[in-house]
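Asker: Sequence order for the protein chains is A, B and C. Every letter in the first sequence is one number past the one before it in numbering that gives the first Met the number 0, and letter 115, counting from 1, is 114. Every letter in the second sequence is one number past the one before it in numbering that gives the first Met the number 0, and letter 193, counting from 1, is 192. Every letter in the third sequence is one number past the one before it in numbering that gives the first Met the number 0, and letter 72, counting from 1, is 71.
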Amino acid sequence: MKRLFAPLVVVLMVMFTAAPLMIAWAPCEATMGLVQKIFYFHVPSAMMMFLSAFVCGVASVAYLFKGRPAADRLACAAGELVVVFGAIVLVTGPLWARKSWGVWWQWDARLTSTLLMWMIFLAYLLVRKYGGPGSEKLGAAMALFGTANVPFVYISVNIWRTVHPTTNVIPLLPPQMKGPLWFSAAAFLLLYLLILAVRVRLEERRAELEHAYLLAEEI
Amino acid sequence: MFLRVAWLVMRKDLTIEVRSREILYTTAFFAVSCVLVFAFALVKEGRPLEDAAAGILWIAIAFAGTLALGRTFERERHAETLRALMLAPTSRPAIYLGKLLGIIALLAVVEAVLVPLVGLLFHAPFGARPFMMLALLATGTLGFSAVGTLFAAMLVRARSRDVLLPVLLYPITIPVIIAGVRGTAALLEPVPDIALAGMWLSILTFFDVVFVTLSLWTFEPLMTE
Amino acid sequence: MNFDFDRIAIDDVSRHFGRRRALSRVSLRVHAGEVVGLLGPNGAGKSTLLAILATLLAPSAGTVRYGDRVAREIGPDLRSRLGLLAHDLHLYPELTARENLLFFARLYGVSRPGAAVEASLARAGLTERAGESVTGYSRGMRQRLALERALIHEPRLLLLDEPFTGLDDASTAALVSRLKGLRDEGRLVVLATHDLDVAEGLLDRAAVLRDGRLVAFEVAGDRLRERYRAHLERN
């Protein structure tokens, strides 16, 4: 993995350079115009956010029941990335909404569900930071419960919204948009994996440092 | 054996509560104060906002519940009695269950006060469909309490535990609040929408099953170092 | 609940909390029919070791064997053979002495809890005031009650963390004689204490801990205080 890191960064840079070209080449959506193209950042960010939440949840279960510190490090990194990519979704969403419909927030089902998941993982970071010793386990419980909550959040928010009908956010995708979308998604996936790897490595270094301190005390 | 232990723990909690009534009175009073605060915020010219009653009821339950959970476990922390419970030669999830049942009993009494009060102040016919209403309250309280009991227990030894309990609990239990409020609101319509309320009820039931199971499963690893 | 043991083997046990090393490669043997003391300054690791013996904490390294088996192999039954009296007395202040004992007796699966509770109350000399809530008790009374609570299920291993703190002379003497009685019954008693005067009269063997390390483990005997100080100064 380490040897792949540098070439993958290069690939990523190429992809992000090519992205604007791809996006510009994609057709302009009829009603919303240029602003709709924020969708190529908004949707892949949302995908990465939910992927990261899933990774965090699974790693947390492994940590809780097997006690493996590597699992905890992965959960920590994934949890942070949920908040990062979630922030991107929650900023690009309203920007898009404002330009398209004139209001910043519309309680759209998907955006609201995302907000809730974002809050859950923000709480995850808070408990890890402020919970004192043993907060890794507390965080793991939060991540597990948060991930298990995804279907409930989605269902309840959706039904809550559809009883009062509202405008649909995502229009039907014409085929020419799919190409750039999958390209963006692949670029974001690569970005996610690389950042995750870096962050996990940082945690590993921190653990090595703690271990060194412990050994130093022996002497 | 499992149920016996849960029963013992619950009975001990209720005995203490019946004797001192501290948590009951303070929680009930707090819930009523909440309702009054909402009344002043949401009643305009003597007429409450539409659908306010359902929301206010469930928010008051959530706030009161958080308070009660915090206090219950603070009691166990006081003389480290939680440790003595964990040292018992029994299955540890049984202790969780006992605590959960105690909290539900407490909240049931508080809700018995809250529901008529909110109905009165906000002109809401909670008694129109009593069984459905009771079912919603029961499943909602169970869902909230199940997650709350687990979190409150695991936070007993944590720093900043007072503020962390709501921080962790509210985001996870938002589906419960949504379902409870919308289900109750459906029952408060001029023509109660039983089908819709029933659907929210099934969501709540499903939530309860999943999260009680998860809590039982994770209680032991969370409480041991 | 058939599991029992007559010795404990603590092998190379270490425990750290983040960067702080609380115990460092401690090895001890404790046998039935003896009182072992854990001596040492604050922060030496005495409470941590007691918590590990009580299975409340897992060691970061090393093993603790009860008889021949490790805690995880034995399962929840092990806890029926352990009794812990910590500084916080694990008593519910709103309940009466009798109710406290009854609750724990039933929780710990004591057969015929009613009789066991009455016997414990008698031993602690609390029968007349057994119907009062514990908040009204003096420290000494609470200590006696807490000790009975820790013993209600007749554990093989009794762990005590600073049990003499805040006790007057009479209560201290009573506790010492009680512990000696338990030792003579064939139980294992491990206690952490600061009080060297009491220790001299009570302990069979003493383990001196400092900064998480075991610096000495020897027969207590007389002149314990001098030897204790010597051990600490040397290291």
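Each residue gets a CB set at the ideal place from its N, CA and C atoms; glycine is no exception.
Look up leucine 125 of chain C in the DSSP assignment and say whether it is helix, strand or coil.
Answerer: Note: leucine 125 of chain C maps to coil in three-state DSSP.
Asker: Which two residues bound the contiguous beta strand (DSSP E) that contains glutamate 93 of chain C?
Answerer: Careful: glutamate 93 of chain C lies outside any beta strand (DSSP E) and carries neither H nor E.
Asker: Against chain A, which members of the stretch 135 to 146 of chain B pass a CB distance test of less than 7 Å?
Answerer: Listed by position along the chain: Val146.
Asker: How long is the line joining the alpha carbons of arginine 158 of chain B and tyrosine 129 of chain A, rounded to whole angstroms?
Answerer: Approximately 7 Å, taken between the alpha carbons.
Asker: Please list, in chain order, the residues of the stretch 35 to 54 of chain A that have any C-beta partner in chain B closer than 8 Å.
Answerer: Answer in chain order: no residues at all.
Asker: For the stretch 153 to 204 of chain B, which segments carrying the alpha helix (DSSP H) assignment without a break, of at least 4 residues, lie completely within its bounds, in sequence order?
Answerer: Runs of the alpha helix (DSSP H) inside the stretch 153 to 204 of chain B: 160 to 187.
Asker: In the DSSP assignment, what residue or residues form a beta bridge with isoleucine 7 of chain C?
Answerer: BP columns for isoleucine 7 of chain C point to C:Val29 and C:Tyr65.
Asker: Helix, strand or coil for histidine 77 of chain B per DSSP?
Answerer: Histidine 77 of chain B falls in the helix class under three-state DSSP.
Asker: Helix, strand or coil, according to DSSP, for histidine 193 of chain C in the structure here?
Answerer: In the structure shown, histidine 193 of chain C sits in coil (DSSP, three-state: anything other than H, G, I, E or B).
Asker: Considering just the uninterrupted stretch of the alpha helix (DSSP H) at alanine 107 of chain B, what are its terminal residues?
Answerer: Here the alpha helix (DSSP H) through alanine 107 of chain B covers 91 to 120.
Asker: I'd like to know whether the C-beta of histidine 15 of chain C is nearer than 8 Å to at least one C-beta of chain A.
Answerer: Yes, because at least one Cβ of chain A sits closer than 8 Å to the Cβ of histidine 15 of chain C.
Asker: Quick one: list the residues of chain C neighbouring alanine 104 of chain B, beta-carbon separation under 7 Å, in chain order.
Answerer: Within 7 Å Cβ-Cβ: nothing; alanine 104 of chain B doesn't reach chain C, min ~16 Å.
Asker: Quick one: grab the DSSP three-state call for glycine 82 of chain C.
Answerer: In the structure shown, glycine 82 of chain C sits in a strand (DSSP, three-state: E or B).
Asker: Nearest-angstrom Cα distance between phenylalanine 64 of chain A and alanine 139 of chain A?
Answerer: Roughly 10 Å between the two C-alpha positions.
Asker: Can you give me the Cβ contacts of phenylalanine 29 of chain B inside the same chain, cut-off strictly under 8 Å, excluding the 5 residues immediately before and after it?
Answerer: The residues are Phe62, Ala63 and Leu66.
Asker: Which residues mark the beginning and the end of the alpha helix (DSSP H) in which glutamate 225 of chain C is found?
Answerer: Glutamate 225 of chain C -> alpha helix (DSSP H) spans 223 to 233.
Asker: When the Cα atoms are used, what is the spatial distance from alanine 206 of chain C to alanine 43 of chain C?
Answerer: Spanning the two alpha carbons is a distance of roughly 11 Å.
Asker: Using C-beta distances below 8 Å, list every residue in its chain close to glycine 134 of chain A, excluding the 5 sequence neighbours before and after it, in chain order.
Answerer: For the sequence presented, residue 134 of chain A should be read as serine rather than glycine. If we look at serine 134 of chain A and ignore the five residues flanking it on each side, its Cβ neighbours are Val126, Arg127 and Lys128.
Asker: For chain C, find out if any of its Cβ atoms is closer than 8 Å to the Cβ of glutamate 44 of chain B; answer yes or no.
Answerer: For glutamate 44 of chain B, the answer is no, since every Cβ of chain C falls outside 8 Å of its Cβ.
Asker: Could you check how far apart the C-beta atoms of proline 124 of chain B and leucine 163 of chain B are, in whole angstroms? I think they sit under 8 Å.
Answerer: Not really, about 38 Å apart at Cβ, beyond 8 Å.
Asker: Sort out for me which residues DSSP pairs phenylalanine 16 of chain C with in a bridge.
Answerer: According to DSSP, phenylalanine 16 of chain C bridges with C:Arg19.
Asker: Of all the CB atoms in chain B, is at least one closer than 8 Å to the CB of proline 144 of chain A?
Answerer: Note on residue identity: the sequence assigns phenylalanine, not proline, to residue 144 of chain A. Closer than 8 Å: yes.
Asker: Under 8 Å, do alanine 76 of chain A and leucine 195 of chain A count as touching if we go by C-beta distance?
Answerer: Yes, the Cβ-Cβ distance between alanine 76 of chain A and leucine 195 of chain A is below 8 Å.
Asker: Does the beta carbon of arginine 18 of chain C come closer than 8 Å to any beta carbon on chain B?
Answerer: By this cut-off, arginine 18 of chain C is not an interface position.
Asker: Apart from the five residues just before and just after leucine 52 of chain C, which ones in its own chain have a Cβ nearer than 6 Å to its Cβ?
Answerer: Answer for leucine 52 of chain C: Leu158, listed in chain order.
Asker: Given a cut-off of 8 Å, decide if tyrosine 65 of chain C and leucine 77 of chain C are closer than it, judged by their beta-carbon atoms.
Answerer: Contact flag set, yes.
Asker: Assess contact between the stretch 181 to 190 of chain C and the stretch 142 to 160 of chain C, defined as three or more Cβ pairs (one per stretch) separated by less than 8 Å. Is contact present?
Answerer: Yes, the stretch 181 to 190 of chain C is in contact with the stretch 142 to 160 of chain C.
Asker: Name the DSSP bridge partner or partners of phenylalanine 216 of chain C?
Answerer: DSSP lists C:Ala206 as partners of phenylalanine 216 of chain C.
Asker: Within 10 Å of its beta-carbon, does tryptophan 100 of chain A have 16 or more other beta-carbons around it, so buried, or fewer, so exposed?
Answerer: Exposed, since its Cβ has fewer than 16 Cβ neighbours within 10 Å.
Asker: Since threonine 172 of chain B and glycine 142 of chain B should fall inside the 8 Å C-beta cutoff, what is the C-beta to C-beta distance between them, to a whole number of angstroms?
Answerer: Their Cβ separation, rounded to whole angstroms, is 7 Å, which keeps threonine 172 of chain B and glycine 142 of chain B in contact under 8 Å.
Asker: For the ligand SAH, I want to know if alanine 5 of chain B counts as a neighbour, meaning its beta carbon is within less than 7 Å of at least one of the ligand's heavy atoms.
Answerer: This structure simply doesn't include the ligand SAH, nor any ligand for that matter.
Asker: Since lysine 43 of chain B sits in a beta bridge, which residues does DSSP pair it with?
Answerer: B:Arg46, per the DSSP bridge assignment.
Asker: For the stretch 6 to 23 of chain A against the stretch 107 to 115 of chain A, are there 3 or more C-beta pairs whose distance is under 8 Å?
Answerer: No: the two stretches stay apart, fewer than three of their Cβ pairs being nearer than 8 Å.
Asker: Looking at C-alpha atoms only, which residue of B:Thr217, B:Phe205, B:Leu7 and B:Trp199 is the closest neighbour of leucine 84 of chain B?
Answerer: The shortest Cα separation from leucine 84 of chain B among B:Thr217, B:Phe205, B:Leu7 and B:Trp199 belongs to B:Leu7.
Asker: Chain A partners of valine 209 of chain B, CB-CB under 7 Å?
Answerer: Residues of chain A passing the Cβ test: Ala147.
Asker: Using the beta-carbon count (16 or more within 10 Å), is threonine 223 of chain B buried or exposed?
Answerer: Exposed is the call here.
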